[in-house]
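Trainee: If you scroll down you'll find the structure; I have some questions about it.
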Amino acid sequence: MLNFSEAYILHVNDRIHLNESDAVQLSNVQNGITGEKLFLEFFDGLKAVAMIHGLRLDIKGEVQYDFLFIQEGEVYHYEIKNYQGQLEERNGLVKNQHGYIYKNIFQQFDRANVLLEQILNEYRVESYIVFINPSCTIKTDRRDVLEYQDLKQRVEFHQAKKSTSHDFELAKLLKSHHLHRSKYERIHYYDFDQLSPGVKCPECMRFFEDCYGGRDYVKCSYCHHKMRKQELIFETIKQVELLKNDYYTALEISKWSGISKRTVHKVLNHYCDSFGSNRATRYVLRDEFRPKIFNTIK
Ligand SMILES: [Zn+2]
102 MLNFSEAYIL HVNDRIHLNE SDAVQLSNVQ NGITGEKLFL EFFDGLKAVA
152 MIHGLRLDIK GEVQYDFLFI QEGEVYHYEI KNYQGQLEER NGLVKNQHGY
202 IYKNIFQQFD RANVLLEQIL NEYRVESYIV FINPSCTIKT DRRDVLEYQD
252 LKQRVEFHQA KKSTSHDFEL AKLLKSHHLH RSKYERIHYY DFDQLSPGVK
302 CPECMRFFED CYGGRDYVKC SYCHHKMRKQ ELIFETIKQV ELLKNDYYTA
352 LEISKWSGIS KRTVHKVLNH YCDSFGSNRA TRYVLRDEFR PKIFNTIK
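Now the structure itself:
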């Protein structure tokens, strides 16, 4: 689950030249997604497990959890770090082979765990920090650190357990407290009119190369994800709303999706509230259709 600033940076990328701090943030977000995908590939075959991905809670301040598995009354927390190279941990500080120091990794991890234990007092919490990149090794005395090659064993561990109805209820309860938007999130919005138009594939974040050309669907030439015409319009509306952060017109949605205004109108009327009339009509997604979270990992 991406937060708004992460979704914004992924969607604005390739549409305009990013400033330096946004370029750094983009690379961090992409790196994080790659790491989480790698982690999920391991647990792909795990069936019927109460799992939460990317949970953000407000417990005496904001705190985030990459993955929580809930099985047989126990909560397993995995925090994913996608760093490369040879690392060494001493007194909570992590240093790489070039002397670069990663700030606050274990402090944040420990804080998240203490807070989780506080709110889940009858559940036992077991937490691991996972250095997921296959090239990464870490020298440490901590027992809650995992490397890439340790994950196979963790998969077997979880396969031998199951999630009860209580576990699923807890997952639902935690998800219902998910913070959709952080108080501390600040987005630097680029001028919408300067952005390259077009819809991005929501699965791989690359532009759909060919516009909708009267067929039943468009297909991403990179990841082969298919979208029907109505879905493509809805996706366009979400992307324009995220990037523009303001009302938009049917003409804009038509231009971005390559679909006729007539068809776009029907979809806009279904999902959006409208203001003004005729050519000046502007739209915004109704609350129930506004994305609460942006999924890029499914
Ligand atoms: Zn794609």
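Using our numbering, read the sequence shown as starting at 102 and increasing by one per residue. Every residue, glycine too, gets a C-beta built ideally from N, C-alpha and C.
Where Lys327 and Gly359 are concerned, what is the direct C-alpha to C-alpha distance, given to the nearest angstrom?
Mentor: Roughly 16 Å separates the two Cα atoms.
Trainee: For the putative contact between Gly136 and Lys182, defined by C-beta atoms under 8 Å, what is the C-beta separation to the nearest angstrom?
Mentor: Between Lys182 and Gly136 the Cβ distance is about 7 Å, and since that is below 8 Å, they are a contact.
Trainee: Going along the chain, which residues put their C-beta within less than 5 Å of some heavy atom in ligand 2?
Mentor: The model depicted lacks ligand 2 and carries ligand 1 instead.
Trainee: List the endpoints of the continuous alpha helix (DSSP H) containing Thr350.
Mentor: Taken as a continuous stretch (DSSP letters only), Thr350 belongs to no alpha helix (DSSP H), as it is neither H nor E.
Trainee: In three-state DSSP terms, what is Ile110?
Mentor: DSSP places Ile110 in helix when its eight states are reduced to three.
Trainee: Kindly indicate which three-state DSSP category Val231 falls into: helix, strand or coil?
Mentor: In the structure shown, Val231 sits in a strand (DSSP, three-state: E or B).
Trainee: So the candidates are Cys324, Lys301, Ile334, Arg307; which of them puts its Cα closest to the Cα of Asp317?
Mentor: Out of Cys324, Lys301, Ile334, Arg307, Ile334 has the C-alpha closest to the C-alpha of Asp317.
Trainee: Please give the ranges of any beta strand (DSSP E) in the region 137-182, keeping only runs that are unbroken, at least 3 residues long and fully inside the region.
Mentor: DSSP runs (the beta strand (DSSP E)) wholly in the region 137-182: 151-159, 163-172, 175-182.
Trainee: Checking 9 Å against the spacing of the C-beta atoms, do Tyr184 and Leu247 come in under that value?
Mentor: For Tyr184 and Leu247, no; Cβs fall outside 9 Å.
Trainee: Run through the DSSP bridge pairs and tell me what Asp374 is partnered with.
Mentor: Answer is Val385, bridged to Asp374.
Trainee: Would you check if the region 273-288 and the region 155-163 touch, i.e. whether three or more CB-CB distances between them fall below 8 Å?
Mentor: Result yes; three or more Cβ-Cβ pairs closer than 8 Å.
Trainee: Is the Cβ-Cβ distance between Val113 and Leu344 less than 9 Å?
Mentor: In contact: Val113 and Leu344 (Cβ atoms closer than 9 Å).
Trainee: Buried or exposed: where does Asp294 fall if 16 or more other Cβ atoms within 10 Å of its Cβ makes it buried?
Mentor: Looking at its Cβ environment, which holds fewer than 16 other Cβ atoms inside 10 Å, Asp294 is exposed.
Trainee: Please work out which residues of its chain come closer than 7 Å, Cβ to Cβ, to Pro392, disregarding the five sequence neighbours upstream and downstream, and give them in chain order.
Mentor: If we look at Pro392 and ignore the five residues flanking it on each side, its Cβ neighbours are Lys339.
Trainee: Which term fits Val215, buried or exposed, when burial requires 16 or more other beta carbons within 10 angstroms of its beta carbon?
Mentor: Classification for Val215: exposed.
Trainee: Distance check for Leu111 and Asn205, CA to CA, integer angstroms please.
Mentor: Whole-angstrom Cα-Cα distance: 25 Å.
Trainee: Taking the Cβ atom as the reference point for each residue, do Phe207 and Gly186 lie within a distance shorter than 9 Å?
Mentor: Cβ atoms of Phe207 and Gly186: not closer than 9 Å.
Trainee: Rounding to the nearest angstrom, what Cα-Cα distance links Glu270 and Tyr290 in this structure?
Mentor: For Glu270 and Tyr290, the distance between alpha carbons rounds to 38 Å.
Trainee: Express the C-alpha separation of Arg380 and Asn104 in angstroms, rounding to a whole number.
Mentor: Whole-angstrom Cα-Cα distance: 33 Å.
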